[in-house]
């Protein structure tokens, strides 16, 4: 394996150099940011080194999916925060604050509100009931084959939606730094993602996330301190200057600029709040710790890191209104009324350059790229686990697959997800990445959360109810997204949207809960009765952890 990994590393770096050659020569005629290029290469080398180290420690399915269950609560909290502090956070939300002001902060609060749900309702039961994926929980007392298949399909749908946003952010970032063609940039990101997951598994993914989270917290803090200092560290001064120069004026710091329609606002809030508790790559992290106590610690630490960073991002976006928005250097043709170079998602990068020069831009860009790589690796791992552990090992092979077979299928699934992510990243390249992640959260809130929370807390849930609720949630959520203006008109080119709103959660979540309830209470079969009686055993394990898998390794 080590020879194959080494060959892939060499091919990836060689391909990057060859692809970048002509484009970088053209970009160099203007201004080549060698700081960014050097830091970018250093980080890729570092993470590939971690992947090589992890590949020698990834032998079993437990190693591959959960790092042997030996990650501490603090380490896992940093890794979860790293998963959450994605391209949408650094690039998309800072751009949203730059353009929409106060409403971007409301957007962040909705993201943040999902953490208490996980901390108080789910963390302990997730760790005590599951082993590798959240399908272990939804199928705990229900029909293994059919429920696992449903959970795996809904997981893959959410993973693909989330992957789109990360790939778009990566492509735009590399295009800005290297002058590479967007499609080439997307392809390189896909290759690196496959390498990280296929060879390093959860061990590599976790440590890349931890390192990235630390660098992102540090880099974001440096940028915001340097930018905020120009306003005397005064929010009042910052708000006054921002309102004076922004096209929205005083309306910038008032609600309604982004989501003037209350239906869309409520739907978005529900999606962001409950979607967090339905994201497969977040849920999967609770199985990497040794017990429920460490799982709760993970959420607590992640809560603090994420909450702090959201405030950093918001102030960063507002500072950029004055610092970036008044600098013609960052606009095409040198006209401040034109489009931002690199697209609207690159506000944070331009701010870093304006307050810290090319050195800080290079550092933050390398960290932003690290952010994207780490998140797409986590997403790919969650998707691969759904295919290999839930569908192949438990449904197709009915628990008879060897660990070697399961890991092999995971690697094949990772490669397939990489190809899908590349194609969709190219198709959606013009979308705001924070908005795309909002859609992913909305789908997760309807596709995964209802059945997961009902399986934990409602004795009356049956296999028939879970299947109707799960499939009803994912199909309705995806349909609402596809028929909305953002996809039906913007991407597919039709004249008028079939669904009048842009967020699916408010409509798809009741469908999922309603179908699960109706088809459970009307199920009078012998199987349904046995499933309801089995809830007592599940409850004991959920509360005590008796029988739950423990840590096998320390990483």
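In my numbering, the protein residues as written are 2 to 556. For every residue, glycine included, the Cβ atom is placed at its ideal position computed from N, Cα and C.
- In the structure shown, residue 72 adopts extended strand secondary structure according to DSSP, grouped into three states.
- Spanning the alpha carbons of residue 319 and residue 219 requires a straight line of approximately 19 angstroms.
- The bridge partners DSSP lists for residue 332 are 341.
- The C-beta of residue 522 has fewer than 16 other C-beta atoms within 10 Å across all chains shown, which makes the residue exposed.
- Counting C-beta pairs with one atom in each stretch, the segment 360-380 and the segment 144-154 have fewer than three that are closer than 8 angstroms, which means they do not touch.
- Contact fails between the segment 292-309 and the segment 469-483, because fewer than three Cβ pairs, one in each stretch, are under 8 angstroms apart.
- In the DSSP assignment, residue 290 forms a beta bridge with 72.
- Annotation: the continuous alpha helix (DSSP H) that includes residue 413 extends over 404-428.
- For the pair residue 44 and residue 202, the CB atoms are not nearer than the 7 angstroms cut-off.
- Nearest C-alpha to residue 52 among 173, 206, 459, 100: 206.
- Between residue 506 and residue 474, the CB-CB gap reaches or exceeds 7 angstroms.
- Using a Cβ distance threshold of 7 angstroms, residue 129 and residue 286 do not count as a contacting pair.
- Collapsing the DSSP output to three states places residue 380 in a helix.
- In the DSSP assignment, residue 194 falls within the unbroken alpha helix (DSSP H) covering 183-196.
- For residue 273, the enclosing alpha helix (DSSP H) stretches over residues 263-276.
- Sequence-distant partners of residue 445 (beyond 5 residues in either direction) whose C-beta falls short of 6 angstroms from its own C-beta, in its chain, are 159, 276, 279, 280.
- Straight-line measurement puts the Cα of residue 399 at about 16 angstroms from the Cα of residue 142.
- For residue 449, there is no enclosing alpha helix (DSSP H), as DSSP marks it with neither H nor E.
- Annotation for residue 488: 482 place their beta carbon closer than 8 angstroms to its own, counting only its chain and skipping 5 residues before and after.
- Shown here, residue 359 sits in a helix according to DSSP, grouped into three states.
- Around the Cβ of residue 534, a 10 Å sphere holds fewer than 16 other Cβ atoms; the residue is exposed.
- Between residue 170 and residue 443, the C-beta spacing is not below 7 angstroms.
- Assignment of residue 460 by DSSP, reduced to helix, strand and coil, places it in the coil class.
- It is roughly 33 angstroms from the alpha-carbon of residue 296 to the alpha-carbon of residue 423.
- DSSP, read as helix, strand or coil, puts residue 311 in helix.
- Note that the C-beta distance between residue 40 and residue 384 is not below 7 angstroms.
- The continuous alpha helix (DSSP H) containing residue 116 extends over residues 115-118.
- Only residues of its own chain outside the window of five on either side were considered, and among them 99, 246, 247, 337 have a CB closer than 8 angstroms to the CB of residue 326, listed in chain order.
- The continuous alpha helix (DSSP H) containing residue 241 extends over residues 236-246.
- Rounded to whole angstroms, the gap between the alpha carbons of residue 427 and residue 461 is 44 angstroms.
- Between residue 425 and residue 165, the C-beta spacing is below 7 angstroms.
- Beyond the five residues adjoining it in sequence on each side, residue 162 comes within less than 7 angstroms, by CB distance, of 440, 441, 444 in the same chain, given in chain order.
- Annotated three-state conformation of residue 496 is coil, per DSSP.
- A distance below 6 angstroms between beta-carbons, with the five flanking residues on each side excluded, links residue 367 to the following residues of its chain, in chain order: 40, 41, 44.
- Boundaries for residue 86: no alpha helix (DSSP H) harbours it, and the DSSP string shows neither H nor E there.
- Take the alpha-carbon of residue 221 and the one of residue 72: they are about 26 angstroms apart.
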